[in-house]
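Numbering (the working numbering), first residue to last: 3 to 171.
Structural data, given as structure tokens:
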């Protein structure tokens, strides 16, 4: 089983987590807070107004996730601290469960027609509110669509999300 040191010693994983930090450091002051981590949900809730109960489920799962990361109320983390928090988190007992719970909640919000798949337009909407440009979002969509059917199913997204957080390759 991998340790926090294994993650911190893996350049590819550290780079992914630093990019995640950069996407959440909205004011570009070199620190993130729990509030910044939650900004994309606030933007998504303005876009998805017909499913407030699903937005609330996503918000709660995000609170659980950020608290488990050690990014609770009043905590500020610079890039190095954020990566260290993530390394400690991903080796913990609750990591997989919390990542999966968050993934399900996000998928349910984004799956506008509730068919169990994300179309390009559905996926693009969440990527836009998360600050990604269309080219980056499209490349990610194409990568996630493993069976190349033009849709991302729950399994494809869940697998990729877990690998993003915990994969050392």
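Every residue gets a Cβ at the ideal spot worked out from N, C-alpha and C, and that includes glycine.
Identified DSSP bridge partners for residue i
i	result
residue 160	Partner(s): none; residue 160 has no beta bridge.
residue 33	80
For residue i, the three-state DSSP class (helix, strand or coil)
i	result
residue 135	coil
residue 123	helix
residue 155	strand
residue 176	The requested residue 176 is not part of the displayed model; the chain covers only 3 to 171.
residue 168	helix
residue 117	coil
Short Cβ contact (8 Å threshold) for residue i with residue j
i	j	result
residue 111	residue 67	no
residue 13	residue 170	no
residue 133	residue 25	yes
residue 146	residue 162	yes
Start and end residues, alpha helix (DSSP H) containing residue i
i	result
residue 24	13-26
residue 7	6-10
Would you list, in sequence order, the uninterrupted alpha helix (DSSP H) runs of no fewer than 4 residues that lie entirely inside the region 36-112? Complete alpha helix (DSSP H) runs here, min 4: 36-39, 41-49, 54-71, 81-92, 97-112.
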